[in-house]
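Below you'll find the structure, written out as structure tokens, and then a few comments.
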């Protein structure tokens, strides 16, 4: 998300969380420390900084040792959240198995982390640029539950449809909280994906976004984009090809996830 929308959205998301009775804690790597909760000044500095590194599990130690700025992926945020005793985490969408992964082996570290770390991730499903079917297969193999919040179908970030069913449907924050509590009381390591569809008014048409993504993927292949550069390239290209509609959808879905995530956090902590 570009500046200044990133900072404005972060502030609004934090306020949404407060309004729903929870405590926001935006996570970032700054000056050799994992920061759990950012001040106004830190948020502004971080959102406007150049050359911020994308930080996953692999990168945490290096970025902390060299005191470089790091924006945490889902995987790294889960690690940092668990260290701080935080069980509920809100984001846009999870990473997953990239299209063509049968030859490139391009699989996000987010999926492995979901099998290891006791943090629930409230998101708008897997990013539309991914191979959603293979992403679900990977999560099934790793024993990670995929729960649809008010839906039987996995949302796909910008769109409410993916054509794939979730494992379970939950209709209230209390249902989700009870499931998480039971999972972790059983000693079953790992998180859960709580997939919350983008609001209908802001959702992009499934066919429209699918065609855009196909064009973006073709450009990525033609330009030899690989590894951790693939996702930022594709999201940037999708924003360009949708004339900014994807950015508006991204902001809307993050705010919606903050509403549901904060309610789940309140329900979870009430019962503990």
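Numbering (the numbering used here), first residue to last: 22 to 293. We put the beta carbon where it would ideally sit given N, CA and C, even for glycine. Note that the coordinates shown come from a computational prediction; the quantities given were computed from them, not determined experimentally.
So, using beta-carbon positions, are residue i and residue j closer together than 8 Å?
| i | j | result |
| --- | --- | --- |
| residue 180 | residue 225 | yes |
| residue 166 | residue 189 | yes |
| residue 81 | residue 97 | yes |
| residue 293 | residue 211 | no |
| residue 194 | residue 288 | yes |
| residue 47 | residue 65 | no |
| residue 43 | residue 286 | yes |
| residue 131 | residue 95 | yes |
| residue 177 | residue 213 | no |
| residue 58 | residue 31 | no |
| residue 201 | residue 141 | yes |
| residue 133 | residue 100 | no |
According to DSSP, is residue i helix, strand or coil?
| i | result |
| --- | --- |
| residue 174 | strand |
| residue 287 | helix |
| residue 275 | helix |
| residue 246 | coil |
| residue 270 | helix |
| residue 164 | coil |
| residue 34 | helix |
| residue 141 | strand |
| residue 292 | coil |
| residue 46 | coil |
| residue 154 | helix |
| residue 257 | helix |
| residue 265 | coil |
Work out the CA separation of residue j and residue i for me, nearest whole Å.
| i | j | result |
| --- | --- | --- |
| residue 291 | residue 109 | 13 Å |
| residue 129 | residue 79 | 11 Å |
| residue 238 | residue 266 | 18 Å |
| residue 168 | residue 187 | 6 Å |
| residue 231 | residue 159 | 22 Å |
| residue 137 | residue 206 | 15 Å |
| residue 223 | residue 55 | 33 Å |
| residue 144 | residue 276 | 10 Å |
| residue 155 | residue 118 | 6 Å |
| residue 49 | residue 61 | 13 Å |
| residue 241 | residue 203 | 43 Å |
| residue 268 | residue 244 | 23 Å |
| residue 164 | residue 51 | 33 Å |
| residue 284 | residue 71 | 34 Å |
| residue 86 | residue 63 | 19 Å |
| residue 209 | residue 182 | 30 Å |
| residue 197 | residue 256 | 30 Å |
| residue 38 | residue 115 | 20 Å |
| residue 33 | residue 45 | 11 Å |
| residue 83 | residue 259 | 31 Å |
| residue 170 | residue 235 | 28 Å |
| residue 41 | residue 22 | 24 Å |
| residue 161 | residue 112 | 21 Å |
| residue 246 | residue 120 | 13 Å |
| residue 233 | residue 53 | 39 Å |
| residue 77 | residue 229 | 31 Å |
| residue 199 | residue 221 | 27 Å |
| residue 75 | residue 262 | 24 Å |
For the stretch 250–263 and the stretch 138–156, state whether three or more C-beta atom pairs, one from each stretch, are separated by less than 8 Å. yes
My parser needs the beta strand (DSSP E) runs of 3 or more residues fully inside the stretch 49–130; what are they? 54–57, 74–76, 91–93 and 109–111
Three-pair Cβ contact test at 8 Å for the stretch 263–281 versus the stretch 213–225: yes
Inspect the CB distances between the stretch 260–275 and the stretch 22–29 and report whether three or more fall short of 8 Å. yes
Report the residue ranges of all beta strand (DSSP E) runs contained in full by the stretch 169–234; include only those spanning at least 3 residues, in chain order. 189–191 and 213–216
Between the stretch 84–93 and the stretch 119–137, are three or more C-beta pairs nearer than 8 Å? no
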